[in-house]
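Asker: Structure below; questions to follow.
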Amino acid sequence: MEFYNIMPWGVIQDDEPPSNTNHTTNQANQEAKETDKKNEINVITPALGLLNIVDDLTEEKEDEVEDEKNLDTNEKLLRMVIDDDEDKQLDWTAEPENPFHEPTPQPPTTTIRPINEITKPHVRTNKGSIPLLDYLCEMKNCSLKELHVLFYNLEVRHEIIDDLQQNGQIRTSHLKPSCKNFNVYCHDLTAQSASNVLAMGGYLGITVRGYYYVKHKLKLCHPYLPCLIQFGGGHHRSFYPLECLSVIRNKMKGGCS
């Protein structure tokens, strides 16, 4: 028997037309070119002008580095000089004036007061009163320094006490307002100064000077002068610094005017 090989029936596709294949190849080539352009590195070809530019740039960079170094050294020198100046002691001695040049006159800034007004610590509270220290200086015709020495003389002390007991009315002058001040009678004067006499009978161990500073916020200008003593009931005694007292003129029967 003869066997016939029967081929399966089907459709054989023809090859694509050449026009389509050419188009795809062109697209592939274009894409490859674009990728090559993207991946390309711009290589600068050396030339004479380019070499000169590079040399100039390197020289400028070297100059900048040197300038920075110079700035750093200058700053270091300044710091060293400043540190040396801080360690040195200031010379407050005035330079000698040139005798061949007249001194330049200085404009007056404030009015010049007389010496008596500057050194005088007492302020008169009213027209009819005078500070006790001024009254005593007028009575003995002496200065305040001389009065300080006269208090060591027992005869002068008794004269002062007698005069204050007979010829004047003594009143405090340190309290503010002035209406709070009160009259004081002089029984005696302390042998010690206000900086040594204990106030309040020595209860707190504070001196008259410290008591007036704490109680009345008053810093005594003459803490080395004696205090006036006024006796109270029993053994009570009150001490008053002389600079805190005044004498009323219109109550004086005699003495200085």
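By full-length UniProt numbering, the letter at position 12 of the sequence shown is numbered 12, and the numbering carries on one by one without gaps. The C-beta atom is built at its ideal place from N, Cα and C for all residues, glycine as well. Treat the numbers as computed from the prediction; the structure is a model and nothing was measured.
Looking at C-beta atoms only, is the number of pairs between the stretch 180–188 and the stretch 222–242 that lie closer than 8 angstroms three or more?
Answerer: Touching, per the Cβ criterion.
Asker: Hey, how far is the Cα of Gln27 from the Cα of Glu62?
Answerer: Against the sequence shown, residue 27 aligns to sequence position 27. Against the sequence shown, residue 62 aligns to sequence position 62. In a straight line, the C-alpha of Gln27 is about 53 angstroms away from that of Glu62.
Asker: What residue from Gly233, Asn141, His148, Leu204 has the CA that sits closest to His222's CA?
Answerer: The sequence position of residue 222 within the sequence shown is 222, counting from 1. It is His148.
Asker: If you reduce the DSSP assignment to three classes, tell me which class Leu132 lands in.
Answerer: The residue you call residue 132 lines up with position 132 of the sequence shown. Helix, per DSSP.
Asker: By how many angstroms is the C-alpha of Ile248 removed from the C-alpha of Ile130?
Answerer: Sequence index remark: in the sequence shown, residue 130 carries index 130 (1-based). Sequence index remark: in the sequence shown, residue 248 carries index 248 (1-based). Computed Cα separation, rounded: 6 angstroms.
Asker: So what does DSSP say about Ile206, is it helix, strand or coil?
Answerer: Residue mapping note: residue 206 aligns to position 206 of the sequence shown, counting from 1. Coil, per DSSP.
Asker: So if DSSP puts Leu242 in a beta bridge, which residue, or which two residues, is it bridged to?
Answerer: On the sequence shown, residue 242 is found 242 positions in, with the first residue counted as 1. Its beta-bridge partners do not exist; DSSP assigns none.
Asker: According to DSSP, simplified to helix, strand and coil, what is Val197?
Answerer: Looking up residue 197 in the sequence shown gives position 197. It is coil, neither helix nor strand.
Asker: Let me confirm a value: Leu245 is counted as buried when at least 16 other C-beta atoms fall within 10 Å, else exposed. Which label applies?
Answerer: Locating residue 245 in the sequence shown gives position 245, counting from the first residue. Its Cβ being crowded by 16 or more others within 10 Å, Leu245 is buried.
Asker: Looking only at C-alpha atoms, which of Val214, Ile206, Met200 sits nearest to Gly232?
Answerer: Stepping through the sequence shown from its first residue, residue 232 is reached at position 232. If we check each option's Cα against that of Gly232, Met200 comes out closest.
Asker: Pick helix, strand or coil for Leu225, following the three-state DSSP scheme.
Answerer: The residue labelled residue 225 in the question sits at position 225 within the sequence shown. Here Leu225 carries a coil assignment [DSSP, helix/strand/coil].
Asker: So, at 6 angstroms on beta carbons, what are the nonlocal neighbours of Arg209 in its own chain, with the 5 sequence-adjacent residues on each side left out?
Answerer: Translated into the one-based positions of the sequence shown, residue 209 becomes position 209. Closer than 6 angstroms at the Cβ level, and outside the excluded window around Arg209, lie Ala194, Ser195, Leu220, Pro223.
Asker: Between Val214 and Ser173, what straight-line distance do the alpha-carbon atoms span, to the nearest angstrom?
Answerer: As a first step, residue 214 must be located in the sequence shown, where it is residue number 214. As a first step, residue 173 must be located in the sequence shown, where it is residue number 173. Each residue's Cα considered, the two are about 17 angstroms apart.
Asker: Using only CA atoms, which one of Tyr135, Glu155, Val65 lies nearest to Ile170?
Answerer: Here residue 170 is taken as the residue at index 170 of the sequence shown, counted from 1. Closest option to Ile170, judged by alpha-carbon separation, among Tyr135, Glu155, Val65: Tyr135.
Asker: With burial defined as no fewer than 16 other Cβ atoms inside 10 Å of the residue's Cβ, what is the status of Asp163: buried or exposed?
Answerer: Translated into positions along the sequence shown, residue 163 becomes position 163. Result: buried.
Asker: Below 6 angstroms CB to CB, which residues in the same chain sit around Val156 once its five sequence neighbours on both sides are set aside?
Answerer: By one-based count along the sequence shown, residue 156 stands at place 156. Same-chain partners within the cutoff: Leu150.
Asker: Counting C-beta neighbours from all protein chains within 10 Å, is the total for Tyr152 16 or more, i.e. buried, or is it exposed?
Answerer: Counted from its first residue, the sequence shown places residue 152 at position 152. Exposed.
Asker: Hey, how far is the Cα of Lys176 from the Cα of Gly128?
Answerer: The count along the sequence shown starts at 1 and reaches residue 176 at position 176. The count along the sequence shown starts at 1 and reaches residue 128 at position 128. For the pair Lys176 and Gly128, the Cα-to-Cα distance works out to about 18 angstroms.
Asker: Assuming contact is defined by CB atoms lying nearer than 7 angstroms, are Tyr212 and Leu204 in contact in what I supplied?
Answerer: Walking along the sequence shown from the start, residue 212 turns up at place 212. Walking along the sequence shown from the start, residue 204 turns up at place 204. Result no, Cβ atoms of Tyr212 and Leu204 do not sit closer than 7 angstroms.
Asker: Near Glu66, what residues of its chain come up, given a Cβ to Cβ distance below 7 angstroms and the 5 sequence neighbours on each side ignored?
Answerer: One-based indexing of the sequence shown puts residue 66 at position 66. Closer than 7 angstroms at Cβ, skipping near neighbours: no residue.
Asker: Can you tell which of Lys180, Ala32, Ile160, Gln166 has its C-alpha closest to the C-alpha of Leu216?
Answerer: To locate residue 216, count along the sequence shown from 1; it is residue 216. Rather than Leu, the amino acid found at residue 216 in this sequence is His. With distances taken between Cα atoms, His216 lies closest to Lys180.
Asker: From Leu198 to His236, what does the alpha carbon distance come to, in whole angstroms?
Answerer: Stepping through the sequence shown from its first residue, residue 198 is reached at position 198. Stepping through the sequence shown from its first residue, residue 236 is reached at position 236. Rounded to the nearest angstrom, the two C-alpha atoms are 13 angstroms apart.
Asker: For Leu218, does the three-state DSSP call read helix, strand or coil?
Answerer: Reading the sequence shown from its first residue, position 218 is the one you call residue 218. Three-state result, Leu218: coil.
Asker: Grab the span of the alpha helix (DSSP H) containing His236 for me, first residue to last.
Answerer: Sequence index remark: in the sequence shown, residue 236 carries index 236 (1-based). Element bounds for His236: n/a, residue is neither H nor E.
Asker: Express the C-alpha separation of Glu64 and Asp56 in angstroms, rounding to a whole number.
Answerer: In the sequence shown, residue 56 corresponds to position 56, counting from 1. In the sequence shown, residue 64 corresponds to position 64, counting from 1. About 12 angstroms.
Asker: Could you work out which residue in Asp188, Thr207, Cys142 is closest to Gln166 when comparing CA atoms only?
Answerer: Along the sequence shown, read from residue 1 onward, the residue named residue 166 stands at position 166. Here the closest residue by C-alpha is Asp188.
Asker: DSSP three-state call for Asn181: helix, strand or coil?
Answerer: Stepping through the sequence shown from its first residue, residue 181 is reached at position 181. Asn181 falls in the coil class under three-state DSSP.
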